[in-house]
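So the structure is just underneath, and the comments pick up after that.
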Amino acid sequence: MIRHNLAREVSRSEMEDHFARSRELGLVMAADNVQKNMKFVCHCCSCCCNVLRGISVHGYPNSLVTSTYLAEIDAESCVGCGKCAKACPIEAISVVALEHTEARRTRDVRVDSSICIGCGVCALGCPIRACRLGKRG
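Using the working numbering, you'd call the opening residue of the sequence shown number 2 and step up by one each time.
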C-alpha cells in the first residue's frame, strides 16, 4: 500500500492514537489474516465499508471474521437498554420485547451468532458490561 502511494507508514504512538480514536468512534478494526508482520489494519464504519454492508445488507455473513470471539449477553445483568444493538455495525444484535416482563426489564437482547463478526464494538457500547466477547464455539 505504501509502495503504491495508497498509505503511509506511521509510528507506534500515532497508530495507538488511531486505535483509541477508532474505539471512541465505534469503528470495526480488521487486519490482514497473518500471525506475524501484519501489513494493514482497516478502521471501518458500517455506512461506507463494502465488506460490512455485504454482511448486514446483502447477506454475506462469512466475508469478514475479525476475531475468534462472538458477542455474548449476560442475561442476569443486562437491563435491555439496547446500546449494544445500536453500536453493532452489522445489526447482529436485536432487542425484543419480553412477553412476561420482570420488574427490572421489559426487553431482551439477542445476538445472531451466524453473522456476528466478533469485533467487540457492541461490548464497548454497553454501559454495564453485560455485553462482552466470548470464545467462538
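Virtual Cβ for every residue (Gly too), placed ideally from N, Cα, C.
Nearest-angstrom beta carbon gap, residue j and residue i [assumed within contact, 8 Å]
i    : j    : result
A72  : C43  : With 8 Å as the limit, A72 and C43 do not qualify as a contact, their Cβ atoms being about 20 Å apart.
V110 : C79  : 6 Å
P90  : C120 : 7 Å
G55  : S64  : 5 Å
C45  : A31  : 6 Å
R137 : Y70  : 6 Å
Cut-off 8 Å between Cβ atoms - residues of its own chain near residue i, not counting five sequence neighbours on either side
i    : result
A124 : A72, C85, R130, C132, R133, L134
S95  : A86, V110, R111, D113
Cβ neighbour criterion (16 or more within 10 Å) applied to residue i
i   : result
V29 : buried
A76 : exposed
A21 : exposed
Cutoff 7 Å; reference residue i; Cβ partners in own chain excluding five residues on either side
i    : result
V122 : G27, V29, A88, C89, P90
E10  : I3
A98  : T107, R108
Residue of the options minimising C-alpha distance to residue i
i    : options             : result
Q36  : S68, N63, C127      : S68
C127 : C45, C82, S115, E10 : C82
R4   : C46, R24, K40, R22  : K40
G60  : A93, E25, I74       : A93
P62  : E100, S115, R13     : S115
Closer than 8 Å to chain C by CB, residue i
i   : result
S64 : Although the question refers to chain C, the structure presented lacks it and comprises just one protein chain.
Just to confirm the assignment: which complete alpha helix (DSSP H) runs, minimum length 4, are found wholly within the segment 25-83? Correct list: 51-57.
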